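Encoded as structure tokens, the structure appears first; notes follow it.
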Amino acid sequence: MSEYVLELKGITKTFPGVTALDHVQFQLKPGEIHALMGENGAGKSTFIKVITGVHQPDAGTIFLNGQEVEIRNPKEAKARGIAAIYQHVTCYPDLSVTENIFMGHEKVQKGTKRIRWKEMHEEANLLLKELGAKFDSKATMGTLSVAEQQIVEIAKALSTNAKIIIMDEPTAALTRNESEELYRITEKLRDHGTSIIFISHRFEDMYRLASKVTVFRDAKYIGTWGISEISNENLIVAMVGREIKQLFPKLEAKIGEEVLRVESLGRTGFFADISFYLRKGEILGLTGLVGAGRSEVCQALFGIAPADKGRIFINGKETRIADPLDAMKQGIGYLPEDRQQQGLILSWGIDKNITLPALARLSNKGWVNRKKETELASNLSKKVNVKTPSIFNLVSSLSGGNQQKVAVAKLLTSDLNIIILDEPTKGVDVGAKSAIYEIISGLARQGYAIIMVSSEMPEVLGMSDRILVMREGRQTAELEKSSATQEAILEAAMSNKNDSVIDEAAG
Amino acid sequence: MEDLNKKKFSLTSFFLQWEWMLVILFILVNIVNINLSPYYFTFGGLRDATMTFLDKAFIVFPMVLIMILRDIDISVASIVALASVLMGYLYSLGVPMELAVVICLATGALCGFINGLLIVKFKELSAVIVTLSTMIIYRGIAYIILEDQSVGSFPEWFGFFGWGYFYGIPFILIAFVILAVVFSLLLHQTTFGRRIYAIGNNPTATRFSGVQVDKMKLIVFTLAGLMSAVTALFLTSRMGSTRPNVATGYELDVIAMVVLGGISTAGGKGRMLGAVIAVFLIGFLRYGLGLINMPAQVLMIIIGLLLVIAVMVPNLKPKAKAKTKASKSPSHQAAG
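Protein sequence lines correspond, in order, to chains U and G. Going by my numbering, the first residue of the first sequence is number 130, and it counts up by one from there. Going by my numbering, the first residue of the second sequence is number -15, and it counts up by one from there.
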């Protein structure tokens, strides 16, 4: 018997034009939680796909319990006890929990092929109980929260007797409490002897759970360390290959007059009694747990789902915002949370994406002026430092960080005073994060008034001049930069006063 | 570094365009036709052939826009019938023909506007379902107006739409070419066209970019109604009379031409030129095979085969690309 349940040596995988993995290695002990870290594009996803049989390596060997094996397809991986759980849960929302758990390996009566529902429901409930779930196996998958759906995915992995479970950014969409719950379950699995490969961009996940960490960078294996052997700084250096001196390059901006004032703004079922003001050059951090109504407030200000109560003043004048075009005309821009679905047209070039909001300005009586368009796109692309050989390249070919820069560049095409950024660094790797902070800080210095929605505490504390905390649709605190601490924010975000305005049905 | 602002021109990708495929098919169809029938390649014959298939082609223009928007409109043939029948009926009641023509156009636009309004207001309903319902309703109203009768004997000038010549060229051909240029420019050179492509690719991101998506849809569907009424004018003029069952099946012919023209059924892709070539491709194919008395069923099979090729070929290219890309952007397939 080998020391390792899973060992990979010299794994190389190339795709036309790209080396996705270059002689990487990895060792996993039984009952170990092993963090796998690296920037986006470091090769983690391809590596996972090699283990789960989606891709075949061009070179290298895989050992399972000391035996050399070949994993030719996902079915073989499953048969060998390897399961993967992804950040975006891949489920069937209209089917029951049981059906989701047993999808592909249903319990079937021999001969008649009748599905043995009762047995399946019982076993599903047993698994759910073991995992501490508070819902029944007959519940419809789509009615569950993301965290609950992940528990179902874990149950699914267990139902196939998985010995190795790969978790790909499982906490990305979870709140703090839900993450805690996931930590607990993961530790329980470990204690039962399951080995876990844990991929995450959050350092706290890694420190909380893992005993070992392996880092990939630019398709290469960089190293493996015990969690206590490596400092946070050294880990970042390993990941990005350079030292990030200042993660939050917040420069002092001159704060000017008030440009936006909101008085007891509300939208029935989503948020109520939101009041704040925003000044030129100021960054207002808007934080709270996921689902606290932060995005809804922003979307009301941008006219996507207008507020039905309260008043909005822009430059001292009361106004209404009917739709996004209206908002842009009044000087408000919005960077959506989901850049792939809401922010960009992935199948388009960088140039056309950047100019989409400004077409009216780039045309004469409706005729698009291509020359002016290319000029503007090229200037803005340079300004936000998009790394690309040509501005005609498709946005889908860019990394997450560079995509986000293109989305920011779109805001700069219009004549705006107020910019709302909804989770501007979500899913962006460490190196690109700092570049985006630099852009945001630069915008504030240019006199833009900025609202920055964020769930990441260090980001909120590092970038904001003032911080507004929301919980369950209400604002619970407004903190000055000087007095804001992680503890104060957390308390305001989680305090258990029972006055939620969020409809259960709506959430 | 200068290259950053210049698009690279690649000869291979220029010739790999779907439009070239259509041009080759078009030449092939003509070679076959010439060999099949000695009567085919005469100027008069070809010229007059255009008169018989171009009437429905006016709907192809707005249908291209609609399908790029990722929608569809199957009520267009019913709008043709309703607009035509109403025009004929009003004329038979003594309304001047000039006014009847204007009402015909207005009716078409109104029908299209109603389609657009329903699609925009009831987002949970797909365009297929909405226009399937209005398809039945519009045709039903046409039957209520005329029951099973036909009206005709229009004034002589009205025949010009279907039978008129301008310096020896059919008026319908001139109208078609002019509108083809207008719609091409609209789609490919204006902000309006750019926004249509944007909506077809990602409606949410387009809305978040300050484009009034609902308004755009409303305009495009109204345009489809209006162009259906234009078809009604030419069709009624050529036939000299109208009945509630005119233009039956036109919606499928039009959609076939658009798809053959390389407009993606998934929205966001395709060009006006392709659809225009496809109109002539199908039209000449039909005319040539008609000359040698090929049964209509065989013709349908040939058009069907062409369509299968049309939807398959563009799908093969992106798939090959996607395979190479899969490594960079994880698609989150469930491995378990």
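Built from N, CA and C at the ideal position, the CB exists for glycine as well. Computed from a prediction, not measured in an experiment: that's the story for all the values here.
Residue burial classification, S311/G (beta-carbon count within 10 angstroms, cutoff 16): Residue placement at S311/G cannot be trusted, given a pLDDT of 37 that sits under 50; what the coordinates show is reported in the next sentence. When all chains shown are included, S311/G counts as buried.
Contact list for the stretch 194 to 211 of chain G against chain U, Cβ threshold 8 Å: Flagged, chain order: G194, V195, Q196.
Any chain U beta carbon closer than 8 Å to G176/G: A small correction: the amino acid at residue 176/G is Phe; Gly does not occupy that position in the sequence shown. Output row for F176/G: interface = yes.
Within chain U, the residues that R179/G reaches when beta carbons sit closer than 9 Å: Those within 9 Å of R179/G in chain U are L485, L488.
D467/U to V537/U span [Cα, whole Å]: 13 Å
Chain U contact residues for A250/G, given Cβ-Cβ distances below 9 Å: What A250/G touches in chain U: nothing, since even the nearest Cβ is about 10 Å away.
Supposed close pair A189/G, L473/U - CB separation, criterion 8 Å: 6 Å
Cβ neighbour criterion (16 or more within 10 Å) applied to A177/G: The sequence shown places Gly at residue 177/G, rather than the Ala named in the question. It counts as buried.
Whole-angstrom distance between I483/U and T34/G, CA atom to CA atom: Separation of T34/G and I483/U (C-alpha to C-alpha, rounded to the nearest whole angstrom) is 43 Å.
Contacting residues, own chain, Cβ-Cβ under 6 Å from M71/G (five flanking each side not counted): A84, C88
Selected residue, minimal CA-CA separation from I479/U, among K511/U, E567/U, N493/U: K511/U
Cutoff 6 Å; reference T272/U; Cβ partners in own chain excluding five residues on either side: none
Chain G within 8 Å of W354/U, Cβ atoms only: no
Between the CA atoms of V513/U and K500/U - distance to the nearest angstrom: 20 Å
Cutoff 8 Å: P222/U Cβ touching any chain G Cβ: no
DSSP beta-bridge partners of M296/U: I214/U, F327/U
Near the ligand FAD: T148/U beta-carbon under 7 Å from a heavy atom: What this structure holds is no ligand at all, so the ligand FAD is not there to describe.
Separation of S360/U from G184/G, as counted between CA atoms: 48 Å
Residues in the stretch 464 to 475 of chain U having any Cβ partner in chain G nearer than 8 Å: P465, Q470, Q471, G472, L473, I474, L475
Cβ of P587/U within 8 Å of any chain G Cβ: no
For A451/U, the nearest candidate out of L291/G, Q196/G, I129/G (CA to CA): Q196/G
Within-8 Å CB hit, F192/G to chain U: Yes, F192/G counts as interfacial toward chain U.
The stretch 246 to 262 of chain U / the stretch 194 to 212 of chain U touching (three or more Cβ pairs under 8 Å): no
At least three beta-carbon pairs within less than 8 Å, the stretch 132 to 146 of chain G to the stretch 242 to 251 of chain G: no
Proximal chain U residues relative to Q173/G, where beta-carbon distance stays under 7 Å: W496, V497
Proximity of I441/U and L407/U at Cβ, strictly below 8 Å: Cβ atoms of I441/U and L407/U: not closer than 8 Å.
Beta carbon proximity, S424/U to chain G, threshold 8 Å: Under the Cβ distance rule, S424/U does not count among the residues neighbouring chain G, no pair being separated by less than 8 Å.
Cutoff 8 Å: K349/U Cβ touching any chain G Cβ: no
Closer than 8 Å to chain U by CB, T330/G: There is no way to answer for residue 330/G, as the model of chain G reaches only from -15 to 320.
Paired residues, beta bridge with M599/U - DSSP: Among the bridge pairs identified by DSSP, M599/U is matched with G417/U, Q604/U.
Same chain only: Cβ atoms within 7 Å of R191/G, ignoring 5 sequence neighbours per side: For R191/G, where only same-chain residues beyond five positions count, the Cβ hits under 7 Å are V197.
Contact set between M249/U and chain G, taken where Cβ atoms lie within less than 7 Å: Here the premise fails: no neighbours, minimum Cβ distance about 16 Å.
Rounded C-alpha distance that separates Y127/G from P228/G: 5 Å
Beta-carbon separation (whole angstroms), E82/G vs G246/G, contact threshold 8 Å: With 8 Å as the limit, E82/G and G246/G do not qualify as a contact, their Cβ atoms being about 39 Å apart.
Under 9 Å by beta carbon: chain U residues contacting N277/G: Under the 9 Å cutoff, chain U gives no residues; its nearest Cβ is about 46 Å from N277/G.
Any C-beta of chain G under 8 Å from that of I412/U: no
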